[in-house]
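Each residue of the sequence shown is one higher than the last, beginning at 1 in UniProt numbering.
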Amino acid sequence: MPLTQVYLGLGSNIERESHLRAGLDALASFLTDVRCSPVFESQPVGIKSGPFFNLVVSAYTDLPLMELDRRLKFIEADNGRYAPDRKGLPLDIDVLLYGDLVGNFDGLILPRAEILKNAFVLWPLSLMAPERVHPEVGKTLAELWRDAQIDQVLAPVGFEWQGRQLTPDAFL
Numbered sequence: 001m002p003l004t005q006v007y008l009g010l011g012s013n014i015e016r017e018s019h020l021r022a023g024l025d026a027l028a029s030f031l032t033d034v035r036c037s038p039v040f041e042s043q044p045v046g047i048k049s050g051p052f053f054n055l056v057v058s059a060y061t062d063l064p065l066m067e068l069d070r071r072l073k074f075i076e077a078d079n080g081r082y083a084p085d086r087k088g089l090p091l092d093i094d095v096l097l098y099g100d101l102v103g104n105f106d107g108l109i110l111p112r113a114e115i116l117k118n119a120f121v122l123w124p125l126s127l128m129a130p131e132r133v134h135p136e137v138g139k140t141l142a143e144l145w146r147d148a149q150i151d152q153v154l155a156p157v158g159f160e161w162q163g164r165q166l167t168p169d170a171f172l
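Spelled out as structure tokens, the structure:
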């Protein structure tokens with residue numbers, strides 16, 4: 001199977017650094033050419049909790065979409081996402097884009113709607129792939145971020161993974 005470029009959104013609001021690093025390590029074990037956006041701190045959207053750390057990952061995979069999603073659920077589970085006594089959200093990993101797929105795939109809707117709704121998804125995604133065209137809207141991610149009317153405050157945070165600094169300076 002040929003390689004497909006994917007963009008994934010990661011977030012955590014419990015032991016944020018350790019859960020994000022664990023998620024990134026797990027992704028790097030089966031994805032190719034894993035690249036990371038800067039990490040941003042954001043206030044929660046839709047839930048009552050402490051602030052999140054969020055980032056976007058670009059990578060390539062030979063896995064079919066549903067197999068990729070299944071593996072992401074296992075990584076989330078390994079980090080306590082589905083534990084009955086959990087407090088908050090240890091690790092959330094969402095498929096944002098899978099190649100140029102558009103549609104509903106067994107309940108997984110692509111491109112993910114949060115791209116257009118949440119600054120903690122759109123800003124890091126636009127830094128990763130500014131010239132990438134949103135397959136439904138027809139604008140580049142950089143244009144979408146420039147024109148976004150999203151009322152959310154993000155703060156870049158220092159974060160290191162595998163000896164790499166994931167800071168906005170690397171993208172500007």
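Quick reminder that beta carbons are idealized off the backbone N, C-alpha and C, glycines included.
Rounded separation between residue i and residue j - CA only
i: R132; j: S12; result: 26 Å
i: L172; j: V102; result: Its pLDDT being 48, under 50, L172 is placed unreliably by the model, and the measurement read from it follows with that caveat. When rounded, the distance between both Cα atoms is 30 Å.
i: A113; j: L144; result: 13 Å
i: I115; j: E160; result: 24 Å
i: L108; j: D151; result: 26 Å
i: G88; j: I47; result: 9 Å
i: G9; j: G138; result: 21 Å
i: D62; j: I75; result: 18 Å
i: T4; j: S49; result: 35 Å
i: Q43; j: E17; result: 16 Å
i: W123; j: L141; result: 8 Å
Residue(s) in a DSSP beta bridge with residue i
i: W161; result: R164
i: V133; result: T140
i: P156; result: F40
i: N104; result: I109
i: Q5; result: Y60
i: S18; result: None; S18 has no bridge partner.
i: G11; result: N54, D92
When the options are compared against residue i, the one with the closest alpha-carbon
i: V56; options: L3, R35, P44, L144; result: R35
i: L72; options: T167, E17, L24, Q149; result: L24
i: A148; options: L166, P156, F120; result: F120
i: D100; options: S37, T140, H134, L27; result: H134
i: N118; options: V45, F30, E17, R21; result: V45
i: S58; options: E15, P51, T32, A26; result: T32
i: N54; options: I14, F30, A77; result: I14
Cβ-based neighbour list, residue i, same chain, cut-off 6 Å, excluding 5 preceding and 5 following
i: H19; result: S12, N79, P90, L91
Residues near residue i in its chain [Cβ-Cβ closer than 7 Å; skip 5 each side]
i: E136; result: V102, P111
i: D69; result: V95, L108
i: A155; result: F40, E41
i: T167; result: P38, P156, G158
8 Å Cβ shell around residue i - same chain, five flanking residues per side excluded
i: F105; result: L65, M66
Return the chain-ordered ranges of every alpha helix (DSSP H) run that is complete within the segment 31–101 and spans a minimum of 4 residues. Runs found: 65–78.
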